Structures are given as structure tokens and as C-alpha cells.
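Under numbering that gives the first Met the number 0, the very last position in the sequence shown is 539; numbers go up by exactly one each time. Using N, Cα and C, we set each Cβ at its ideal position, and we do this for glycine too. Model, not experiment: these values are computed from the prediction. Data block below; observations after.
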Amino acid sequence: MVMTPLLFTQEISAPRPSALAPPRGWGRAGFAAAFVAGYLLLDWISFIGPMQALNITPWNPEPALAVALLVLYGQRWVPLIFLAALIADFLLRSVTIPFASSLVLAATHAAGYSAIAHLLGHRLRIKPALQSSEDVLRVTLTIVAGAAVMGLLYVGVLTAQELVPSTRFLAVYLRYWIGDSVGMLVTLPLLLMLSDSGRRRQLRMIAGSPITLLQLSLVAVTLWIIFARGHPEQFKFFYLLFLPLVWISTRHGLAGAVGAVAVFQASILVGVVVGGYRAIEVYELQALLIALCITGYSLGISVDERRQAADRLARSERLSAAGEMATAVAHELNQPLTALSTYASSVRALMESAGIQNQTLLDTADKIRRTALRSADVVSRFRGLLATGEPNLLPAALSGPAWNAICSCKERADIAGIRLVLDAPADIPLVRLDPARIEIVFRNLIGNALESVERTATQSRLVSVKINCDASSYAVATITDSGRGIPATCAERVFEPFFSETPSGLGLGLALSRAIVESHGGRLWAEPGDHGTLKFSLPL
């Protein structure tokens with residue numbers, strides 16, 4: 000049997016500014032090149048009906064790519080956005096712009112996108128998954144207001160450089176505002192969702208659903224009805240798109256609404272190019288698309304929140320039933336644990352009074368007493384949790400409860416030959432938490448990880464606990480193991496009370512852990528994969 004020591008790595012590094020791991024080395028250069036290529040591709044695809052051959056088009060999606068980059072990876076990428084905007088002006092514009100003017104316009108774009116991303120990621124603290132109506136409303140209002148301010152700056156620079164006549168300032172400004180607003184409203188929510196693993200799974204499930212094919216068929220028929228008419232008649236039938244949008248949004252929630260709006264936008268642009276529409280008609284269609292976006296997103300997030308509320312209620316009812324039983328068990332355990340501590344103290348007192356000098360027995364008695372007292376304290380707090388559900392929040396480092404939980408599991412890990420690793424940077428901000436209850440969470444999650452590794456025949460026997468920060472100002476704890484991973488079909492079921500994959504398990508640990516984390520304003524979830532991964536986040 001291999002006895003593996005416990006490792007504690009105290010890394011001094013800045014908290015990561017994003018939910019995604021930033022690339023490093025050559026990967027960083029490849030990532031930058033991919034972004035510039037994507038930016039230029041979106042600019043080229045959307046360069047339809049430009050006003051005065053400038054970057055003022057009915058649909059402008061590249062700002063969404065720039066804002067998503069800054070929200071997810073941080074402000075360090077602002078120079079890359081400046082470079083991409085500058086290259087786009089030189090390669091894709093049919094009108095020659097003085098180099099100095101191009102520099103000012105690129106700087107205006109980079110500064111504007113940086114301000115929008117800073118507002119979304121740091122001031123408003125939106126979560127990329129967009130799981131609340133507050134986040135959706137903040138994104139929508141920030142996009143519309145940000146595009147309005149950007150339009151004033153951008154068109155103002157064009158006017159000052161005499162690239163746009165001052166008499167046409169208002170007309171150019173309105174078209175810029177519509178193009179950027181639609182581009183970001185359609186594209187930014189989709190990019191943010193694709194950065195979240197849960198939303199990616201949901202989008203894959205929607206794409207593979209048979210009913211999605213029927214919904215897309217309805218969209219195609221609706222678009223044919225709209226574009227088969229003559230130009231003056233089409234606007235009367237544009238509102239037919241609300242029918243499939245309402246169906247998709249109520250069926251699939253916000254993810255479905257975001258996907259549907261993207262399909263609408265792509266289809267409208269194809270119809271515009273094939274039909275040879277005048278620019279003014281295209282902008283009118285895009286203005287109507289803004290109404291579609293806002294309607295679809297509002298309905299979709301309402302459906303999501305209703306489902307989340309129903310799920311929380313169902314979990315609460317199941318956990319309440321489990322709590323009644325657990326309270327009775329805790330009551331029955333409290334007295335034996337207290338008696339065990341008393342007997343251990345009595346053994347030590349009798350040995351000392353009899354003059355028995357056996358240090359091993361004395362140390363064992365002390366260990367029994369300390370373990371009994373610690374267990375009694377956990378039981379007492381467990382009963383208090385089930386009785387009140389209100390944690391006693393104090394500013395504390397998340398690494399403290401994690402370290403205590405790892406120490407309590409060390410002996411079990413040593414016997415099984417499993418290596419325990421804690422990676423907790425020293426400069427993670429303090430979190431308002433109940434240390435004892437969060438320790439219960441860590442003990443449950445680490446215990447599940449140890450059990451998974453014990454059941455798996457593998458040479459690499461490892462359980463790691465990693466603590467960092469994400470883009471939404473949340474502290475995130477990640478518990479991974481080298482055992483068998485959690486299937487996607489069980490990613491939510493494992494948190495249901497009495498769900499257990501082992502005959503000896505009660506199926507209450509993860510359900511209780513989720514209840515504790517949610518009482519702190521956080522979230523606990525499982526990530527499917529080849530190896531077990533459980534994460535929970537707490538607000539800073």
C-alpha cells in the first residue's frame with residue numbers, strides 16, 4: 000500500500016478575470032490570430048449596404064465578438080481589438096480613409112467596446128449563462144445605450160474628419176445605432192452562452208431535438224410568406240415571425256430564443272441580398288428585428304425562471320422530507336457522541352489516577368474525545384441548519400474550510416493511497432460564509448470524490464481542490480478526482496435527495512450541500528466528463 004502525503008500548494012497569482020482559462024505562450028498568439036480572423040470574417044460577411052462605403056451597415060456583429068472577448072478574458076485584450084478594427088478599415092473598406100482618421104476610429108471602437116465590457120462584467124456583474132431576468136435586462140439596456148453613445152462618438156469623429164457631411168449627421172447616426180444594436184443584441188447573448196458549459200449542453204439538446212426541425216420548418220414557411228410579397232407589402236407580414244418565436248421561446252426558454260433570433264437575422268440578410276432591397280428598407284427590417292429580440296429574450300428568460308422556481312420548489316419539498324428524517328437521526332446521535340467524549344475523558348482520568356503511563360493509549364483516548372466532540376459539533380450545526388436554514392455569515396477565506404475538510408479526510412486518503420491537493424492562491428478575496436457549513440460542503444464533495452477514486456481501478460489516484468475567481472466576482476471551488484466521471488444524464492439527478500450510486504450511500508450529502516451553498520447566495524453544479532468534477536461558487 001502506497002502512503003501518499005497530503006499536499007498543500009499556496010500559489011501566489013492574481014485571480015483570474017474570467018470564467019474561461021486565458022491562453023498562454025504560443026496558444027495566446029494563436030488565440031489572438033483566431034480572434035482577428037473571426038473579427039474580419041464577421042465584418043466582411045455583414046458588410047452589406049454600407050452607408051457611404053463606411054463601416055455603417057444594417058447588421059454589425061463584430062462589436063459583440065469584441066465585447067464578449069473582454070467580458071470573458073479581461074481588458075488586457077483591448078489592444079488586439081484596436082488592431083483588428085484598424086486592419087478591417089484597411090482591408091475591407093472601398094473608400095480610402097486617411098491613416099490618422101483610421102487610428103482615431105479604431106481607438107474609438109476599442110475604447111467603446113472596453114467601456115461596454117467593463118460595465119457588463121465588473122459593474123453590473125452579469126453571469127455569462129444569463130440565467131436571470133436581471134442579467135438579460137442589463138445586457139439589453141447596456142447594448143442599446145452603449146450603441147447610442149458609440150454612435151455619437153464614431154459619427155462625430157467622421158463628421159470632424161469631414162468624411163460625413165454635417166447635414167447628414169442624424170441619418171448616419173441612426174443607422175449606426177440600429178446596426179450596432181441589432182448586431183450585439185443578436186450575437187452577444189449567443190457568444191456568452193457558448194462560453195458556459197451548461198448553456199452549451201442546452202443548445203446541443205435543442206439542436207438535436209426532433210421538435211426543433213418542425214419549428215425551423217415553420218420559420219422557413221413564415222420567411223417565405225414575408226419575402227414572397229412585393230417590397231411595400233412585406234412589412235405587413237413581418238410580425239408573423241412572432242408566432243414561431245413565441246413557440247420556440249416557450250418551449251426552449253432563453254437558449255431557444257437566442258438561437259431563433261440568430262436564424263431570423265441570417266435568413267433576413269440572405270433575403271435582403273437576394274431580393275436587392277434598398278438600404279432604407281433593410282434598416283426598417285432591422286429596427287423590427289430589435290422588437291423581436293427584446294420580445295423573445297423577455298419571454299425566454301421568464302420561461303427559464305419559472306422552470307427554475309419549479310425545480311427549487313421540488314428540491315425544497317424533497318429536502319424537507321429528508322430533513323425530517325435527518326433531524327431525528329441527528330437527535331439520536333447527539334447523546335451517544337456526548338457519552339463517547341465523556342467515556343474517553345474518563346479513561347484518561349482513570350489511567351492517570353492508576354499511574355498507568357502508556358502514551359499510546361492516552362493519545363488514542365484524546366483522539367477519540369476530540370473526534371467525538373467534533374462530530375457532536377457537526378451534528379449540532381446540522382440540526383440548526385435544518386431548523387433555521389439561515390447561515391451565520393462572516394468574512395473568511397474559502398481556503399480555510401477547504402483545508403479543514405481535507406485534514407479530516409487525510410487518514411482515509413492515506414489508507415486508500417489517494418493524493419489530496421489543495422490549490423488556493425493567497426490573494427483570493429474574502430467571502431462572506433459560514434465556515435462550519437461550508438466545511439460540511441467540502442467534506443461531502445471530497446468524500447464523494449474519494450469514494451469515486453476508491454471504486455475505480457486506476458494508477459493515478461488523485462483528488463484536487465482548486466479555488467479561484469471568475470469574471471462575475473464569484474469565488475469558485477472546483478473538486479476534481481481521477482475516478483469515473485459523472486454522465487450528462489445524471490448531472491442534475493445527483494443532487495436529488497436519496498439518489499445514490501452506492502448501496503451504502505444515503506443520497507443526502509449533495510442535496511444538503513446544494514442547500515447550504517444556495518443559502519449563501521451561490522450555486523453548486525456537476526460538470527460531465529471523463530473524470531468527476533463538482534463546482535460551487537460563492538459571491539465575493
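For Tyr473, there is no enclosing alpha helix (DSSP H); the enclosing beta strand (DSSP E) covers residues 473–480.
According to DSSP, Arg522 shares a beta bridge with Ser536. Judged by their CB atoms, Leu193 and Ile142 are not nearer to each other than the 8 Å cut-off. If only uninterrupted beta strand (DSSP E) runs of at least 3 residues are considered, none is enclosed by the segment 204–241. The beta carbon of Ala116 sits closer than 6 Å to the beta carbons of Val66, Leu69, Val70 from its chain, once the five residues preceding and following it are set aside; these are given in chain order. CA-to-CA, the gap between Arg442 and Arg436 works out to about 10 Å.
The segment 291–300 and the segment 252–260 touch, with three or more beta-carbon pairs separated by less than 8 Å.
Bridge partners of Pro394 according to DSSP: Arg431.
Leu360 is classed as exposed because its beta carbon has fewer than 16 other beta carbons within 10 Å across all chains shown. Within the same chain, Cβ atoms closer than 6 Å to the Cβ of Val271 are found at Val281, the five residues on either side in sequence being excluded. Around the beta carbon of Pro243, 16 or more other beta carbons sit within 10 angstroms, so the residue counts as buried. DSSP places Asn333 in the helix class (H, G or I) of the three-state scheme.
In the three-state DSSP reduction, Val77 falls in the helix class (H, G or I). CA-to-CA, the gap between Glu331 and Leu511 works out to about 19 Å. Ranking Lys534, Ile44, Arg513 by CA distance to the CA of Arg311 puts Arg513 first. Taking a contact as a CB-CB distance under 8 Å, the pair Gln214 and Ile247 counts as one, their CB atoms being some 5 Å apart. The count of Cβ pairs closer than 8 Å, one atom from the segment 119–132 and one from the segment 34–45, stays below three, leaving the stretches out of contact. Within 10 angstroms of the beta-carbon of Arg27 lie fewer than 16 other beta-carbons, which makes it exposed. At least 8 Å separates the beta-carbon of Ala375 from that of Asn403. Taken in chain order, the complete alpha helix (DSSP H) segments of 4 or more residues contained in the segment 48–121 are 61–72, 77–91, 98–117. Around Pro527, the same chain offers Gly484, Ile485, Pro486, Ala487, Ala490 as residues with beta carbons nearer than 7 Å, after the five sequence neighbours per side are excluded. Inclusion of Gly252 and Arg200 in the CB contact set at 8 Å is not warranted, their separation being larger than that value. Around the beta-carbon of Cys406, fewer than 16 other beta-carbon atoms lie within 10 Å, marking it exposed. Under the three-state reduction of DSSP, Gly26 is assigned to helix. Separation of Arg198 and Ala128 (C-alpha to C-alpha, rounded to the nearest whole angstrom) is 6 Å.
Excluding its 5 nearest sequence neighbours in each direction, Leu184 has C-beta neighbours in its own chain below 6 Å: Ile142, Cys292, listed in chain order. Below 8 Å, too few C-beta pairs join the segment 105–112 and the segment 443–459 to call them touching: fewer than three. Relative to Asp88, the option among Asp362, Glu61, Ala338, Val462 whose CA is nearest is Glu61. Its chain contains Lys465, Lys534 as the residues whose beta carbon lies nearer than 6 Å to that of Thr477, once the 5 sequence neighbours on both sides are disregarded; these appear in chain order. Of the candidates Leu539, Tyr112, Ser180, Leu539 places its Cα closest to the Cα of Ile427. Distance from the CA of Ile367 to the CA of Leu509, rounded to the nearest whole angstrom, comes to 27 Å. DSSP places Arg174 inside the alpha helix (DSSP H), whose first and last residues are 168–193. Thr363 sits in a helix when the DSSP states are folded into three classes.
Comparing alpha-carbon positions, the option among Pro209, Ala401, Arg174 lying closest to Ile55 turns out to be Arg174. Separation of Ile44 and Tyr238 (C-alpha to C-alpha, rounded to the nearest whole angstrom) is 26 Å. In this structure, DSSP gives Ser459 a state outside helix and strand, which the three-state scheme calls coil.
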